[in-house]
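Data first, discussion second: the structure below is written as structure tokens.
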Amino acid sequence: MIRKVAVFFIILFALLVTAQAEEWAGTDEQAEEIISKINPDYEPWFSPIWEPPSGEIESLLFSLQAAIGASLIGYFLGYYRGQKHARNA
Numbered sequence: 001m002i003r004k005v006a007v008f009f010i011i012l013f014a015l016l017v018t019a020q021a022e023e024w025a026g027t028d029e030q031a032e033e034i035i036s037k038i039n040p041d042y043e044p045w046f047s048p049i050w051e052p053p054s055g056e057i058e059s060l061l062f063s064l065q066a067a068i069g070a071s072l073i074g075y076f077l078g079y080y081r082g083q084k085h086a087r088n089a
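Count the sequence shown with my numbering and you get residues 1 to 89, in order.
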């Protein structure tokens, strides 16, 4: 077990060290760029109601959304597991 963990961390470290610096753009931006190349006359159907003032705020909101989702999933998995154990007891 310890050997598997060590191999995992060695591979992870190698990936982090050799990873190229790349601009992390959202899929919306990538799609817009590709569509503009294919059809320069394309006009989006709508625009966002609100855009976060910075990339950091956008990352914060995304992380918050992920944390809330993970909490809900964890809560319900624990709840149903507890119900199952209560019925079997």
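Glycine residues also receive a C-beta, built at the ideal position from the N, C-alpha and C atoms.
Computed from a prediction, not measured in an experiment: that's the story for all the values here.
Is residue i helix, strand or coil when you go by DSSP?
i          : result
residue 63 : helix
residue 6  : helix
residue 76 : helix
residue 41 : coil
residue 68 : helix
residue 49 : coil
residue 36 : helix
residue 89 : coil
To the nearest angstrom, how far is it from the Cα of residue i to the Cα of residue j?
i          : j          : result
residue 13 : residue 41 : 45 Å
residue 60 : residue 2  : 34 Å
residue 73 : residue 66 : 11 Å
residue 9  : residue 27 : 29 Å
residue 47 : residue 70 : 29 Å
residue 88 : residue 15 : 45 Å
residue 50 : residue 30 : 19 Å
Using a Cβ-Cβ cut-off of 7 Å (strictly less than) and excluding sequence neighbours within five positions of residue i, which residues of its own chain qualify?
i          : result
residue 52 : 58 and 61
If I measure Cβ to Cβ from residue i and keep anything under 8 Å in the same chain, skipping five residues before and after, which residues do I get?
i          : result
residue 32 : 44
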